[in-house]
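Just so we're aligned: 60 in UniProt numbering is position 60 of the sequence shown, and the numbers increase by one with no gaps anywhere.
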Amino acid sequence: MNITNPYAQAGWSSSGNSNGSAPPPSIFGALPWFSEDSDPSSSISLHLFNPDILNSTLMGPQSRPYFRVINNAPSRDFTLIQNRDGGSVAIIEWRESGAVVEVRDIIRKQLVSTWLPLSGDQKYRFMNARDRTMVWVPKNELVELYTYGTTTPELYARIGSQREGKITLEISSTAMQIGLLECCVVAAILLRSGRIID
Numbered sequence: 001m002n003i004t005n006p007y008a009q010a011g012w013s014s015s016g017n018s019n020g021s022a023p024p025p026s027i028f029g030a031l032p033w034f035s036e037d038s039d040p041s042s043s044i045s046l047h048l049f050n051p052d053i054l055n056s057t058l059m060g061p062q063s064r065p066y067f068r069v070i071n072n073a074p075s076r077d078f079t080l081i082q083n084r085d086g087g088s089v090a091i092i093e094w095r096e097s098g099a100v101v102e103v104r105d106i107i108r109k110q111l112v113s114t115w116l117p118l119s120g121d122q123k124y125r126f127m128n129a130r131d132r133t134m135v136w137v138p139k140n141e142l143v144e145l146y147t148y149g150t151t152t153p154e155l156y157a158r159i160g161s162q163r164e165g166k167i168t169l170e171i172s173s174t175a176m177q178i179g180l181l182e183c184c185v186v187a188a189i190l191l192r193s194g195r196i197i198d
């Protein structure tokens, strides 16, 4: 993974870049630059099937359903995310004053703008979950989740779009072990919903 080290750019030596050549400059200011081939290692891919992400099924390996997204219970002002057994995982309430989200046992009920706040320059979104701060960074047609505030940011997840309105969510094994699956699913739904979330 190729990243920008601000100390190396200032002329300080770096163990990861000892040849003195600086990597390309960051396009996100304080965020590092990532190479095109960075991939979540040992990831699983989940696919949202249905042209409407708010009424869809999230399929995992061997085309097994992992989550259902339902936007008709009890009114269209709520989107419910259920696990494969039908248990509630999260709920999104669509309000004119800003969407509200709750992820069971992980994220208490709060405004999406509090859980996924925009950066000051509005180029990326922070996400806080499991006592960690991460950042969703748009990159071409993708939105990628990285660790934040670390020397070497680690890619945790990637949201991409495919033909026919299908959305792909790749999650690294590290993110799975930390317990970020549900948060990444909810974030993907919010970020790709086409609705105003702030």
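Ideal Cβ positions, reconstructed from N, Cα and C, are used throughout, including at glycine.
Contact check for E93 against F78 passes: the beta carbons are separated by less than 8 Å.
When the five nearest sequence neighbours on each side are left out, the beta carbons in the same chain lying within less than 6 Å of the beta carbon of L145 are those of M134, W136, Y156, A157, in order along the chain.
Unbroken alpha helix (DSSP H) runs of no fewer than 4 residues, entirely contained in the segment 104 to 134, are found at 112 to 115, following chain order. Ranked by Cα distance from I189, the options L80, Q62, T174 are led by L80.
In this structure P61 is exposed. Its beta-carbon is surrounded by fewer than 16 other beta-carbon atoms within 10 angstroms. Note that the C-beta distance between V101 and A90 is below 8 Å. A129 is positioned such that its CB atom lies no closer than 8 Å to that of L54. Checking the DSSP bridge columns, you'll see M59 partnered with H47, P65.
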